[in-house]
Amino acid sequence: MLKEVGLYDFKDEKVKKYSLGMKQKLGIAQAIMEDQELLIFDEPINALDDFSVDAFRNIINKKKDEGKTILISSHNKEKLEDLFDFTVKMSNGEIVEVIKEKMNE
């Protein structure tokens with residue numbers, strides 16, 4: 000799991016010494032290690048470099064192929080939108096739009 004998120008080389012370091020991006024990767028690893036049917040991510044690519052964003056995208060595609068349901072809340076849709084089956088736009092806690100077609104089509 001740590002290899003998948005790019006933390007294997009840091010496995011012996013104390014988490015309190017991790018950078019924000021490393022802590023974000025650790026949270027992603029924790030979310031996927033239980034093999035749940037529903038995965039929820041809140042701003043999962045915040046503080047991640049492009050390489051780590053690609054690793055996250057690969058993880059999500061793998062989980063989608065396994066039939067998992069994935070909910071992602073993100074303000075950075077440009078880097079993730081081709082992963083979405085549909086998008087729900089919200090404003091002030093209210094749903095303002097649902098787009099059902101794939102975002103990259």
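Per numbering that gives the first Met the number 0, the very first residue in the sequence shown carries number 0; after that it's consecutive. Virtual Cβ for every residue (Gly too), placed ideally from N, Cα, C. What you are looking at is a predicted structure, and each value in this text was computed from that prediction instead of being measured.
- DSSP lists I94 as the bridge partner or partners of M89.
- Residue pairing of S72 in beta bridges, as defined by DSSP: D41.
- Our two residues, K88 and D64, have alpha carbons roughly 25 Å apart in a direct line.
- The beta carbon of I39 is closer than 7 Å to those of L70 in its chain, skipping five residues each way along the sequence.
- Under a 10 Å Cβ-count criterion, K15 is classified as exposed, with fewer than 16 other Cβ atoms of the shown protein chains found around its own Cβ.
- Under the three-state reduction of DSSP output, E33 falls in the coil class, being neither helix nor strand.
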